[in-house]
Amino acid sequence: MNLTLHERSEKLLKQRIKQLNPRDPFNFVFMGDSRGDGPNDNCFTMSGEFELVLKKAVELNPLFIIHGGDTVYTGKKEYLEHFVKVVEKIAPNIPMFVCVGNHDELYLDESNLENFRATIGKVHWVIDIPVFNFQCIALNNVISPKNKIYGFTDRELNYLEQQLEDAPRNTVIAMHAQPNIGRWTNLEGFPVTTPQSQEFFDLIQEHRVKKVLVSHVHAYDEQFIRKNRNGSFTLGRGTDFVLSGGAGAPLDFEPPLILNNYNFTEFFVSRYDILGPLLWKDFGRPRRSCL
């Protein structure tokens, strides 16, 4: 029986955790939006950039890689299978855990995750490393891929609240879409003024979530966001939101963000804190045909 990418990654992670020294920080990588066209695409992505991004990430020997979603352009099973094949060839010994993006669902279909679950695996997952007081919680904040609606259902928020009950000091949340605020106001993310979004910010602030990792926009940026008691927001303080969506999809050049180019991010986790992001960019050009 073939394992999904998630099942394979869980097994690899268990083996790699055994090799950790609690006195030495571990690193992990976050990337998003590779969005390849599957086996019909000669280089999987538009120009093969995903392969270059992933190869560089593997060179860093991270404990694991988190992909923020939009692995493929459309969630046909053969496309998702091809993504898994590429990952397993380039990163055979590195676990990769994937958040659901709008393109990972069947194109223009309402929240159909059958193919995702059959190939990549779990939609909701948690990476838990108690010796480092570390936890990463994956959420699905794609409500309607057809209508480009993002946010949080009551069920999703209940799930998050349960996971945060005993949240350790180094808690991270990973999800696909970014909040519509600050430089991201008009970038098709989730509105911050709905009751569900307000509750989301209340939860992450109450439990002192260290980082929120998002992708969706094909660039790199970072904003610190704090929700105030009256429902307004203050930028430059609060929770660290890191956006990294430059793993191969066509780049977004408007509006100008910190980096409108291919990228991924690296983080370093000790028992006491999470350092980063360290931004990686400039991966060269593809030199040969891919799988």
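So the sequence shown is numbered by the numbering used here: it starts at 44 and just counts up by one.
Where a beta carbon is used, it is the ideal one built from N, C-alpha and C, also for glycine.
Assign residue i to one of three DSSP states: helix, strand, or coil.
i: Gly79; result: strand
i: Pro298; result: coil
i: Trp227; result: helix
i: Gln266; result: strand
i: Asn213; result: strand
i: Thr308; result: strand
i: Asn158; result: helix
i: Asn176; result: coil
i: Asp245; result: helix
i: Tyr122; result: helix
i: Val260; result: coil
i: Phe93; result: helix
i: Tyr202; result: helix
i: His49; result: helix
i: Ala181; result: strand
i: His219; result: coil
With a 10 Å radius around its C-beta and 16 neighbouring C-beta atoms as the bar for buried, classify residue i as buried or exposed.
i: Val185; result: buried
i: Thr88; result: At Thr88 the pLDDT is 49, less than 50, meaning the model places this residue with poor confidence; the figure from the coordinates comes in the next sentence. Looking at its Cβ environment, which holds 16 or more other Cβ atoms inside 10 Å, Thr88 is buried.
i: Asn104; result: exposed
i: Ser187; result: exposed
i: Phe267; result: exposed
i: Thr277; result: exposed
i: Thr308; result: buried
Is the beta carbon of residue j closer than 8 angstroms to that of residue i?
i: Thr47; j: Ile170; result: no
i: Pro147; j: Val96; result: As written in the sequence, residue 147 is Asp, which differs from the Pro given in the question. Contact flag unset, no.
i: Glu257; j: Phe284; result: The question names Glu, but residue 257 in the sequence shown is Val. Cβ atoms of Val257 and Phe284: closer than 8 angstroms.
i: Val143; j: Asn176; result: no
i: Ser287; j: Asn306; result: yes
i: Gly291; j: Phe159; result: no
i: Lys270; j: Ile317; result: no
i: Phe17; j: Ile133; result: This structure cannot speak to residue 17, because the chain is shown only from 44 to 334.
i: Ala210; j: His250; result: yes
i: Asn155; j: His219; result: no
i: Gly232; j: Gln241; result: no
Can you tell which of the options has its C-alpha closest to the C-alpha of residue i?
i: Thr236; options: Thr228, Arg269, Leu123, Gly274; result: Gly274
i: Gln239; options: Glu204, Ala217, Ala100, Asp209; result: Glu204
i: Pro299; options: Asn229, Arg51, Trp168; result: Asn229
i: Arg212; options: Tyr193, Phe126, Cys179, Ile192; result: Cys179
i: Ala181; options: Gly111, Leu63, Asp67; result: Gly111
i: Gly327; options: Ile60, Asn64, Phe69, Lys98; result: Lys98
i: Gln58; options: Pro138, Leu123, His49; result: Pro138
i: Ala217; options: Phe126, Gln266, Phe140, Leu278; result: Phe140
i: Arg314; options: Glu157, Thr214, Pro329; result: Thr214
i: Gly91; options: Leu321, Pro293, Leu302; result: Pro293
i: His49; options: Pro135, Asn64, Glu102; result: Pro135
i: Ser64; options: Asn45, Ile172, His125; result: In the sequence as displayed, the identity of residue 64 is Asn instead of Ser. Looking at the Cα atoms, Ile172 is the closest of the given residues.
Beta-carbon of residue i versus every beta-carbon of chain C: anything under 8 angstroms?
i: Pro299; result: As a matter of chain content, chain C is missing from the structure shown, which is built from one protein chain.
Just to confirm, does residue i get its C-beta within under 7 angstroms of one of the non-hydrogen atoms of the ligand FMN?
i: Gln221; result: Here there are no bound small molecules, and the ligand FMN is not part of this structure.
Query raised in the report: With contact counted as at least three CB pairs below 8 angstroms, one residue from each stretch, are the region 69–77 and the region 255–266 in contact?
Result: Below 8 angstroms, enough C-beta pairs join the region 69–77 and the region 255–266 to call them touching: three or more.
Query raised in the report: Is the region 197–215 in contact with the region 237–251, if contact means three or more CB pairs nearer than 8 angstroms?
Result: Cβ pair count under 8 angstroms is three or more, so yes.
Requested in this report: Determine contact between the region 216–227 and the region 117–126, defined as no fewer than three beta-carbon pairs at a distance below 8 angstroms.
Outcome: With the cut-off at 8 angstroms, the region 216–227 and the region 117–126 do not touch.
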